[in-house]
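Engineer:
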Amino acid sequence: MTNHWIDLKNSDAILAIGCNPAENHPVSFKWIEKALESGATLISVDPRYTRTSSKADIYAQIRPGTDIAFLGGMINYALQHDLIHKEYVRDYTNATFIVSEQFDFRDGMFCSFDDREKTYDLNSWAYATGPDGNPKRDRGMDDPRCVYQLMKNHYKRYDVDMVCAITGTRKEDYLNVAKSFCGTGRADKSGTILYAMGITQSTHGSQNVRAVALLQMLLGNIGIAGGGVNALRGESNVQGSTDYGLLFHILPGYLKSPEFDNVSLSGYVEKWTPKTKDPKSANWWGNTPKYITSLLKAWYGDHATKENGFCYDYLPKRSGNYGYVKIMEKMGKGELEGLVCMGMNPAVGGPDSGKAREALGRLTWLVTADLWETETSIFWKRPGVDPKTIRTEVFMLPAASSIEKEGSISNSGRWAQWRYAAVKPVGDARSDLHIIDEFYTRIKALYLKQGGAFPEPITRLAWNYGSGQEPDVHLVAKEINGYFTKDTTIKDKDKLLTFRKGDQVPMFKYLQDDGSTTSGCWIYCGSYTGEGNQMARRDTSDPTGLGLFPKWSWCWPVNRRIIYNRASVNPAGEPFNPKRPLIAWDSLEKKWKGDVPDGPWPPMKDDKEGKYPFIMLPEGHGRLYALDMKDGPFPEHYEPVESPARNLLSRVQTNPVVKLPKNVSSDTARFPYIGTTYRVTEHWQAGAMTRSLPWLVELVPDMFVELSETLARHKGIRQGDKVKVTTERGSIEAVALVTSRLKPFNVGGKQVEQVGMPWHFGYAGLATGDSGNVLTPTVGCANTGIPEFKAFLCSIEKGGKAA
Amino acid sequence: MGISRRQFLQGGALATAGIALAGKGEASVDSPEMRTKGLKSSTTICPFCSVGCGLLVHTKNGRVVNTEGDPEHPINQGALCPKGSALFQIANSENRLRKVKYRAPGSDRWEEKSWDWALDRIAQRMKETRDKSFRKSELNKKDNKEYLVNRTDGMAFFGGAGLDNEECYLWTKFARAMGVGNLEHQARL
Chain Y
2 MTNHWIDLKN
12 SDAILAIGCN
22 PAENHPVSFK
32 WIEKALESGA
42 TLISVDPRYT
52 RTSSKADIYA
62 QIRPGTDIAF
72 LGGMINYALQ
82 HDLIHKEYVR
92 DYTNATFIVS
102 EQFDFRDGMF
112 CSFDDREKTY
122 DLNSWAYATG
132 PDGNPKRDRG
142 MDDPRCVYQL
152 MKNHYKRYDV
162 DMVCAITGTR
172 KEDYLNVAKS
182 FCGTGRADKS
192 GTILYAMGIT
202 QSTHGSQNVR
212 AVALLQMLLG
222 NIGIAGGGVN
232 ALRGESNVQG
242 STDYGLLFHI
252 LPGYLKSPEF
262 DNVSLSGYVE
272 KWTPKTKDPK
282 SANWWGNTPK
292 YITSLLKAWY
302 GDHATKENGF
312 CYDYLPKRSG
322 NYGYVKIMEK
332 MGKGELEGLV
342 CMGMNPAVGG
352 PDSGKAREAL
362 GRLTWLVTAD
372 LWETETSIFW
382 KRPGVDPKTI
392 RTEVFMLPAA
402 SSIEKEGSIS
412 NSGRWAQWRY
422 AAVKPVGDAR
432 SDLHIIDEFY
442 TRIKALYLKQ
452 GGAFPEPITR
462 LAWNYGSGQE
472 PDVHLVAKEI
482 NGYFTKDTTI
492 KDKDKLLTFR
502 KGDQVPMFKY
512 LQDDGSTTSG
522 CWIYCGSYTG
532 EGNQMARRDT
542 SDPTGLGLFP
552 KWSWCWPVNR
562 RIIYNRASVN
572 PAGEPFNPKR
582 PLIAWDSLEK
592 KWKGDVPDGP
602 WPPMKDDKEG
612 KYPFIMLPEG
622 HGRLYALDMK
632 DGPFPEHYEP
642 VESPARNLLS
652 RVQTNPVVKL
662 PKNVSSDTAR
672 FPYIGTTYRV
682 TEHWQAGAMT
692 RSLPWLVELV
702 PDMFVELSET
712 LARHKGIRQG
722 DKVKVTTERG
732 SIEAVALVTS
742 RLKPFNVGGK
752 QVEQVGMPWH
762 FGYAGLATGD
772 SGNVLTPTVG
782 CANTGIPEFK
792 AFLCSIEKGG
802 KAA
Chain V
144 MGISRRQFLQ
154 GGALATAGIA
164 LAGKGEASVD
174 SPEMRTKGLK
184 SSTTICPFCS
194 VGCGLLVHTK
204 NGRVVNTEGD
214 PEHPINQGAL
224 CPKGSALFQI
234 ANSENRLRKV
244 KYRAPGSDRW
254 EEKSWDWALD
264 RIAQRMKETR
274 DKSFRKSELN
284 KKDNKEYLVN
294 RTDGMAFFGG
304 AGLDNEECYL
314 WTKFARAMGV
324 GNLEHQARL
């Protein structure tokens, strides 16, 4: 989230698209209702009429996977009716930037596509630069090659009739949504967009998110109280696990993981440190050398020296894609020997889970650490399989629960909150921290004793977490924050600050690229300082009244509660919306008041030191036109890989950058219905954490499939009947739930039915049932690889498995 | 509803007592002080979705006897959803794993093992796989040049959005030190 949960109360319009907070983030609804009490409008855009929809002022039905058409139409509506926040768009986004002559878009394709590799040449989308090396701009936004005009031209194809023909939305509903939400383009109004997996689980998921961001930038809704691009994340610490780089392509703090041709630390820094010649651009990623050096110093301690590139060589270098789907594919081919799952359940949670279960059987060894038996840990005795035929050696380790250990987790609003151990772990269970520590210390001992393949990255790793039996979690948290490795004096404006060796670094602006500081995750620098553990704070004061609660826990970055907040003020530093000032420049005291600003510099207007608000981009301006997306600078509508519809906007049916796997099918004769997956309040993700708890099992005991009254009539299916749902990947059995929440879509004049189902079930735990993901395809987003769980084609028959 | 007649009557009796006590100007039975008197209390954050609601955990003699929403927490102000309310059952579940279990190749059952036995064997397996599949360098097909990659391709590490930040940090640090490039978790799904 750019903003945070309590901030929802500050919104004048809340657009929930591809999410269902009333059911999946129930307590967040407290703040949505607070906004509604103050007169806000709630809009729910969803294929199903959810509990969120039932509380909404406007509900608009949308066919799964057509979000870009929907949002593109809103972008067009805002541009055509001139509802945009002009000053914001002109000064803070790249609307005024001129694009190179090479850029072109025709009939669904951007320029420079390599049909064999299925890739675009991103260089062809660059800005046109002037003699000073900076992008050329037209502040009048009239130049036909400026981003504003290109965008206007791109989205004029997304008129209301075209959009509704694609999305299946009723025209009056669509116009209601557009009118209502685009009304927040005024300086004194705020609108927030909430989204979840309905947006991301798509072959064009990243572009869905970008479409959200484009609309919000046009309306001046990013960086303000009550605004933002807000991903409602699914797990209690999926924000933290992402921040810490548990993904192949990033290191902690969103530093890129090295590629094979970043052959040295200087090569890495050269490749990943963006540059600008514009003195008004803060270009915060220009600090990359400080952050990567401090990370290496945290990992390799005294071994990391300037001479050896701070042990940069020890990091593994990637060449290609190691994403989840790719890993499962390799596993299925027998190319992996081992897998460790720390609280993750690929036998249920990933796409095409029938295949995933088979793939587990090709492993030599499997380690799981969990609170319960999961479908993954007992895959070798799953229904229909003879354990004798599975050679995988399986270790199942009992893990401590969240109240049996101490540490922090980060919520969707980036608040890192500290938890305490209330009791000892049950039985022989151990914390994951303890388990990982045991893995490390035992492997290190083996390498020291026996030698082996390049032992140094392991034997020289700095791993100093106390002398107790378990690692001291406070020492880990302190290392994440970082400390000075020698006595240091730093000049900050007119002050000289002195730090002693071993002092905690107060905030990341003091991190250095010479080895004098460590920081295990630079964005968390400031979380555990000389003043103690900031994440454990419990001060409930709220000086602005906006619900920022600046002294409750700690929030990255630098306790800034709403990011990009320099965009909430005009170039002179005055709040756009005086009713809800988030930050304001005090020209007498020469400082910012309110939230922690996005950098200390004076307002943008200041000739000497003023900076643009989008500090993480080298050009300092929000990107309406992107330079680094694999599938185009503007989000463009394509159909999901499995779709009952032809793309009405161009002749390009699906995202051209996405390679299609074999086991997908758009044969509507065999699979006439749109399938989609969702979650329920009473269960959680792959189900291990909730299908073992009697209270929750009593509430939702069975795997079900939801279908409309019309489809039920057509198929002769009654409430509670056993049904069978089939896709190109496989079949599942479930209980039919016939509701009026689902309605067919109008697709090209034909009524196309949809079938919805939760994905929480499996064969382990108290409540068992078939897994929704047996049905889902292994094709993912062009940029992230997140699979298209939300839109596939299926059939449904009465009679369960036997049908 | 799963309330027996007996429980219902007990509840009624308590409520009456509450009124009587309140009448004397003393704490009512639903006041937190009386309900949790003599119990140890600590705070936690819900392990389910990402809203980050606060809870109070009450314990007695090393056992969790009550969990409830933290009224001071600015986000949830004491409120909880059904999953958050069920945290109590995680703490006290009979279904929790309590022992290290091992399943030998081709076997149809778990065997109970000690941590030492399992961890030594896991360390051995990890090392064997790393030593076997470690790539010092790799030929790039595009420019026909050899690049240093120091990568272990033979194993994958998954997880974990359910881990604490400090655990995630050690997991990522350990994975990279092992050379594991196949490092992924729920955020990719």
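Heads up: the protein sequence lines correspond to chains Y and V, in order.
FYI, our numbering numbers position 491 of the first sequence as 492, with every residue one higher than the one before it.
FYI, our numbering numbers position 126 of the second sequence as 269, with every residue one higher than the one before it.
A virtual CB, placed ideally from N, CA and C, is assigned to each residue, including glycine.
1) I'd like to know whether the C-beta of W696/Y is nearer than 8 angstroms to at least one C-beta of chain V.
2) Kindly indicate if chain Y contains any beta-carbon less than 8 angstroms away from that of P217/V.
3) DSSP three-state call for R351/V: helix, strand or coil?
4) When the Cα atoms are used, what is the spatial distance from I459/Y to L296/Y?
5) Assign T243/Y to one of three DSSP states: helix, strand, or coil.
6) Can you list, in chain order, the residues of its chain with a C-beta nearer than 8 angstroms to that of V658/Y? Leave out the 5 residues immediately preceding and following it.
7) Do the CB positions of V213/Y and T3/Y come within less than 8 angstroms of each other?
8) Could you check how far apart the C-beta atoms of L332/V and I787/Y are, in whole angstroms? I think they sit under 8 angstroms.
9) Specify whether the segment 193-210 of chain Y and the segment 164-180 of chain Y touch according to this definition: at least 3 beta carbon pairs, one from each stretch, less than 8 angstroms apart.
10) Under 8 angstroms, do A283/Y and G600/Y count as touching if we go by C-beta distance?
11) Determine the direct distance from the alpha carbon of D8/Y to that of E310/V, and round the result to whole angstroms.
12) Let me check one thing: in DSSP terms, what residues is V100/Y bridge-paired to?
13) Check whether the Cβ of K291/Y lies closer than 7 angstroms to any heavy atom of the ligand SAH, and answer yes or no.
14) Using a Cβ cut-off of 9 angstroms, which residues of the segment 540-560 of chain Y contact any Cβ in chain V, in chain order?
15) Restricting to runs no shorter than 4 residues, where is the alpha helix (DSSP H) found entirely within the segment 202-289 of chain V?
16) Apart from the five residues just before and just after F231/V, which ones in its own chain have a Cβ nearer than 6 angstroms to its Cβ?
17) On the premise that L220/Y lies in contact with I85/Y, defined as a C-beta separation below 8 angstroms, what is that separation, rounded to the nearest angstrom?
18) Alpha carbon to alpha carbon, what distance is there between W126/Y and M110/Y?
19) What residues in the segment 350-368 of chain Y have a beta carbon less than 7 angstroms from any beta carbon of chain V?
20) Reducing DSSP to helix, strand and coil, say where V323/V ends up.
21) Between the Cα of W258/V and those of K190/Y, M397/Y, K716/Y and E640/Y, spot the shortest distance and give me the residue it belongs to.
22) Would you kindly work out how many angstroms separate the C-alpha atoms of G521/Y and G483/Y, rounded to a whole number?
23) Going by beta carbon distance, what residues of the same chain come within less than 8 angstroms of D174/Y, once the five residues before and after it are set aside?
24) Using the rule of at least 16 other Cβ atoms within 10 Å of the residue's Cβ for burial, across every protein chain shown, is G168/V buried or exposed?
25) Could you tell me which residues DSSP pairs with S409/Y in its beta bridges?
26) So which of I218/V, C192/V and R239/V has the shortest CA-CA distance to P695/Y?
27) For L248/Y, which beta-bridge partners are listed by DSSP?
28) Could you check where the beta strand (DSSP E) with N231/Y kicks off and where it finishes?
29) Quick one, which residues of the segment 205-216 of chain V are near chain Y if we go by CB-CB under 9 angstroms, in chain order?
30) Distance check for A299/Y and P561/Y, CA to CA, integer angstroms please.
31) Between N238/Y and chain V, is there a C-beta pair that is closer than 8 angstroms?
32) Between which residues of its own chain and G335/Y is the CB-CB distance below 8 angstroms, once the five residues before and five after are set aside?
33) With 7 angstroms as the limit, tell me which residues of the segment 420-431 of chain Y have their beta carbon closer than that to any beta carbon of chain V; keep them in chain order.
34) Return yes when the Cβ of P317/Y is within less than 8 angstroms of the Cβ of G319/V, no when it is not.
35) Thinking just about the alpha-carbon of each residue, which of Y196/Y, L337/Y, T519/Y and K479/Y is nearest to the one in D303/Y?
36) Should M536/Y be labelled buried (16 or more other beta-carbon atoms within 10 Å of its own) or exposed?
Structural biologist: So, from the listed chains and residues:
1) One-based indexing of the first sequence puts residue 696/Y at position 695. Closer than 8 angstroms to some Cβ of chain V, the Cβ of W696/Y qualifies, so yes.
2) Within the second sequence, numbered from 1, the residue matching residue 217/V stands at position 74. With 8 angstroms as the cut-off, P217/V counts as an interface residue toward chain Y.
3) As displayed, chain V neither begins before 144 nor continues past 332, which places residue 351/V out of reach and without an answer.
4) Position 458 of the first sequence holds residue 459/Y. Position 295 of the first sequence holds residue 296/Y. The alpha-carbon atoms of I459/Y and L296/Y are separated by roughly 16 angstroms.
5) Walking along the first sequence from the start, residue 243/Y turns up at place 242. Three-state result, T243/Y: helix.
6) Numbered from its first residue, the first sequence carries residue 658/Y at position 657. K119, T120, Y121, K631, D632 and A783, listed in sequence order.
7) If you number the first sequence from 1, residue 213/Y lands on position 212. If you number the first sequence from 1, residue 3/Y lands on position 2. In this structure, T3/Y does not lie closer than 8 angstroms to V213/Y by Cβ.
8) The residue you call residue 332/V lines up with position 189 of the second sequence. The residue you call residue 787/Y lines up with position 786 of the first sequence. Going by Cβ atoms, the distance from L332/V to I787/Y rounds to 7 angstroms, so yes, they are a contact pair.
9) no
10) If you number the first sequence from 1, residue 283/Y lands on position 282. If you number the first sequence from 1, residue 600/Y lands on position 599. A contact, by the Cβ cut-off of 8 angstroms.
11) Within the second sequence, the letter at position 167 stands for residue 310/V. Within the first sequence, the letter at position 7 stands for residue 8/Y. Roughly 29 angstroms separates the two Cα atoms.
12) As a position in the first sequence, residue 100/Y is number 99, starting the count at 1. According to DSSP, V100/Y bridges with Y128/Y.
13) This structure lacks the ligand SAH, and indeed carries no ligand of any kind.
14) T541, D543, G548, F550, W553 and S554
15) 225-228, 230-234 and 258-276
16) Residue 231/V sits at position 88 when you count from the first residue of the second sequence. So the list reads T210, once near-sequence residues are dropped.
17) Along the first sequence, read from residue 1 onward, the residue named residue 85/Y stands at position 84. Along the first sequence, read from residue 1 onward, the residue named residue 220/Y stands at position 219. Sure, about 7 angstroms apart at Cβ, within 8 angstroms.
18) Taking the first residue of the first sequence as 1, we reach residue 110/Y at position 109. Taking the first residue of the first sequence as 1, we reach residue 126/Y at position 125. Answer to the nearest angstrom: the Cα atoms are 13 angstroms apart.
19) G350, G351, W366 and V368
20) Mapped onto the second sequence, residue 323/V falls at position 180. V323/V: strand per DSSP, three-state reduction.
21) For this step, residue 258/V is matched to residue 115 along the second sequence. Nearest of K190/Y, M397/Y, K716/Y and E640/Y to W258/V, Cα basis: M397/Y.
22) Position 520 of the first sequence, counted from the first residue, corresponds to residue 521/Y. Position 482 of the first sequence, counted from the first residue, corresponds to residue 483/Y. Using only the alpha carbons, I get a separation of about 6 angstroms.
23) Within the first sequence, numbered from 1, the residue matching residue 174/Y stands at position 173. Counting only Cβ-Cβ distances below 8 angstroms, and skipping sequence neighbours, we find I59, Y60, A61 and Q62.
24) As a working mapping, residue 168/V is identified with position 25 in the second sequence. With a pLDDT of 45 at G168/V, under the threshold of 50, the modelled position of this residue cannot be trusted; read the value that follows with caution. G168/V is exposed by the Cβ-count criterion.
25) Taking the first sequence and counting its residues from 1, one reaches residue 409/Y at position 408. In DSSP, S409/Y forms a bridge with W419/Y.
26) On the first sequence, residue 695/Y is found 694 positions in, with the first residue counted as 1. Considering only alpha carbons, the answer is R239/V.
27) The count along the first sequence starts at 1 and reaches residue 248/Y at position 247. BP columns for L248/Y point to I251/Y.
28) If you number the first sequence from 1, residue 231/Y lands on position 230. First-last of the beta strand (DSSP E) with N231/Y: V230 to A232.
29) G205, R206, V207, T210, G212, E215 and H216
30) For the purposes of this step, residue 561/Y is taken as residue 560 along the first sequence, with counting starting at 1. For the purposes of this step, residue 299/Y is taken as residue 298 along the first sequence, with counting starting at 1. Per the sequence shown, the amino acid found at residue 561/Y is Arg instead of Pro. In a straight line, the C-alpha of R561/Y is about 24 angstroms away from that of A299/Y.
31) Counting from 1 along the first sequence, the entry for residue 238/Y is found at position 237. Taking Cβ atoms only, chain V reaches closer than 8 angstroms to N238/Y, which makes this a yes.
32) Within the first sequence, the letter at position 334 stands for residue 335/Y. Closer than 8 angstroms at Cβ, skipping near neighbours: R363.
33) R420, Y421, A423, V424, K425, V427, G428, D429 and A430
34) Counting from 1 along the second sequence, the entry for residue 319/V is found at position 176. Counting from 1 along the first sequence, the entry for residue 317/Y is found at position 316. Note on identity: in this sequence residue 319/V is Arg, with Gly being the wrong assignment. Yes, the pair counts as a contact, with Cβ atoms nearer than the cut-off.
35) On the first sequence, position 302 is the one that residue 303/Y refers to. When each option's Cα is compared against that of D303/Y, the closest is T519/Y.
36) Within the first sequence, residue 536/Y is the residue found at index 535, counting from 1. Answer is buried; the Cβ neighbour count reaches 16.
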